[in-house]
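Everything on this sheet refers to the single structure shown next.
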Amino acid sequence: MRDHLSDPSIIQVAVSRATAPQAAADDAASKINLPETRFVLAFVPGEMPGDEVAAALDTALDGVPVFGCSTAGQITDKGYETEALLLLAFPKKHFRCSSLMLAPLDPISPTALATTAQRHENEFQHTAGWNRLGLIFSDGVSQQEDVLVSTLEAVLSDLPIFGGSAGDSLRFEKTFVLHKGASHSNSAVLLILETDLEFQGLGFDHFLPSGAPLVITGADPEARKVYEINGAPAAEEYARLVGCKLGDLSPKVFAENPMLVQYRDRHYVRAISDADDAGALSFMAAIDDGLIMTLGKGQEILQTLETGLRRRDRRGERPDFILGFDCVLRKLEIEQKQLARAVSNILCSSRVFGYNTYGEQYCGVHMNQTFVGVAFFKSDQGYII
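When we follow UniProt numbering, the leftmost residue of the sequence shown carries the number 1, and every step to the right adds one.
Written out as structure tokens, the structure reads:
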């Protein structure tokens, strides 16, 4: 648990554990100095109705712009939580912001998306000496994040973009993003931020490739379903490769044995969400016929977390805070291993605030079982990737 000395000095952090949307919004907003706030990021428990919480926040924040999404858990001043409304207030002194609603995601038009995003960035006047980054919050059940983030990376190549897919507390039914006092499904919100602060992007997981390559020989890319691996029924072959019986496949097995794809000399996680009665595997990121993959072998998760969060600026100073997008499958594995308290302590000591996602976006790639973040420092030296 954080003590007063470990609180960030740049942003204001407000948490409410009230269950009613208006009560939670009023409680959290009362802890924020609104006249000094440029915008607020809101990370909402998946059980809260989107329209109600959006309207409640719009009223409670008295016109201050609020962006964010529903989640599969929050990272607060206590570390991992599941039922807390988390607000992060970004000050006018250090931030400017321009927002763009992207809808619908399904069907998505890459050409229209590219044109709209490019025009939006061009119209956002650049402040001399300040640096830019993008944040993306997207519908977590749209299955369009791969096209969304790769298109944005291509057209906004000078803008580092970080983000996470919205969640709904592991129901995988309906998620929402927040924009201009309303909640929106089948949508994404792109925020272009300017800041005079130094920031660093980070993205890491705890898996290494293991065993021989395998080939996806039957898939439905649009549905993210795999029917065959190495010419055999997908679920049967996967169970054989991980060394368990077909009937023993479970979220725990999937979380501890993800599949990896190599892209630009780095391996990214393609997580499996379930196996259906017909033996097909459902994935949480892009998949395709002919894709060559490997199984992932987990490393020590506490050590990789501590190492990944150990960032310093040019003066050797630690971040004032880290905005974090942490996959909910990581959280599930951590809870299964009874490491939640230890991980929460690490997140607290590193001043991480954010939420648990249905997927993470970084460097133009949509991935799973990864921690993606932005570390902000008090110095004003720019951006380091």
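Cβ coordinates follow ideal geometry from the N, Cα and C atoms, glycine included.
(request) Report all residues from its chain with a CB closer than 7 angstroms to the CB of Q144; omit the five preceding and five following residues, and keep chain order. (result) As a first step, residue 144 must be located in the sequence shown, where it is residue number 144. Here the set comprises L105, D106 and I108.
(message) I need the DSSP call for Q200, collapsed to helix, strand or coil.
(response) For the purposes of this step, residue 200 is taken as the residue at position 200 of the sequence shown. Note: Q200 maps to strand in three-state DSSP.
(message) Only counting the same chain, and skipping five residues up and downstream in sequence, which positions put a Cβ closer than 8 angstroms to that of G364?
(response) Stepping through the sequence shown from its first residue, residue 364 is reached at position 364. Closer than 8 angstroms at Cβ, skipping near neighbours: V149, S150, L152, E153, A154 and I161.
(request) Just mark G129 as buried or exposed, buried being the case when its beta carbon has 16 or more other beta carbons within 10 Å. (result) Start at 1 with the first residue of the sequence shown, and residue 129 comes out as number 129. That one is exposed.
(message) At the level of alpha carbons, what is the spacing between Q245 and V215?
(response) The residue you call residue 245 lines up with position 245 of the sequence shown. The residue you call residue 215 lines up with position 215 of the sequence shown. One point to set straight first is that residue 245 is Lys, not Gln, in the sequence displayed. So the two alpha carbons sit approximately 21 angstroms from each other.
(request) Specify the secondary structure class of C348 as computed by DSSP and reduced to three states. (result) The sequence position of residue 348 within the sequence shown is 348, counting from 1. Reduced to three states, the DSSP call for C348 is helix.
(message) Using the three-state DSSP reduction, which class does R341 fall into: helix, strand or coil?
(response) The count along the sequence shown starts at 1 and reaches residue 341 at position 341. DSSP places R341 in helix when its eight states are reduced to three.
(message) Quick check: the Cα distance between Q65 and I136, rounded to an integer number of angstroms?
(response) Numbered from its first residue, the sequence shown carries residue 65 at position 65. Numbered from its first residue, the sequence shown carries residue 136 at position 136. One detail in the question is off: residue 65 reads as Pro in this sequence, not Gln. Cα to Cα, the separation comes out at about 16 angstroms.
(message) Taking the straight line between their C-alpha atoms, what separation do you get for D158 and E121?
(response) Here residue 158 refers to the residue found at position 158 when the sequence shown is read from its first residue. Here residue 121 refers to the residue found at position 121 when the sequence shown is read from its first residue. Distance between the alpha carbons of D158 and E121 is about 11 angstroms.
(request) Could you tell me the distance, in whole angstroms, from the CA atom of F325 to the CA atom of Q361? (result) Mapped onto the sequence shown, residue 325 falls at position 325. Mapped onto the sequence shown, residue 361 falls at position 361. The C-alpha of F325 lies about 9 angstroms from the C-alpha of Q361.
(request) Would you list the residues sitting across from T195 in a DSSP beta bridge? (result) Within the sequence shown, the letter at position 195 stands for residue 195. Answer is F95 and N131.
(request) Mind checking who V374 pairs with in its DSSP beta bridge? (result) Counted from its first residue, the sequence shown places residue 374 at position 374. Looking at the DSSP assignment, V374 forms a beta bridge with G201 and L323.
(request) Kindly identify the DSSP beta-bridge partner or partners of E335. (result) Taking the first residue of the sequence shown as 1, we reach residue 335 at position 335. Under DSSP, E335 takes part in no beta bridge, so it has no partner.
(request) Mind the definition here: the segment 34-54 touches the segment 180-187 only if three or more C-beta pairs lie below 8 angstroms; say whether that holds. (result) Yes, since at least three Cβ pairs between the segment 34-54 and the segment 180-187 fall closer than 8 angstroms, the two stretches touch.
(message) I need the boundaries of the alpha helix (DSSP H) containing S183, first residue and last residue.
(response) For the purposes of this step, residue 183 is identified with residue 183 of the sequence shown, where counting begins at 1. Premise fails: S183 lies in the beta strand (DSSP E), A182 to H184, not in any alpha helix (DSSP H).
(request) Pull up the DSSP beta-bridge partners for N356, would you. (result) Residue mapping note: residue 356 aligns to position 356 of the sequence shown, counting from 1. In the DSSP secondary-structure assignment, N356 is bridged to D326.
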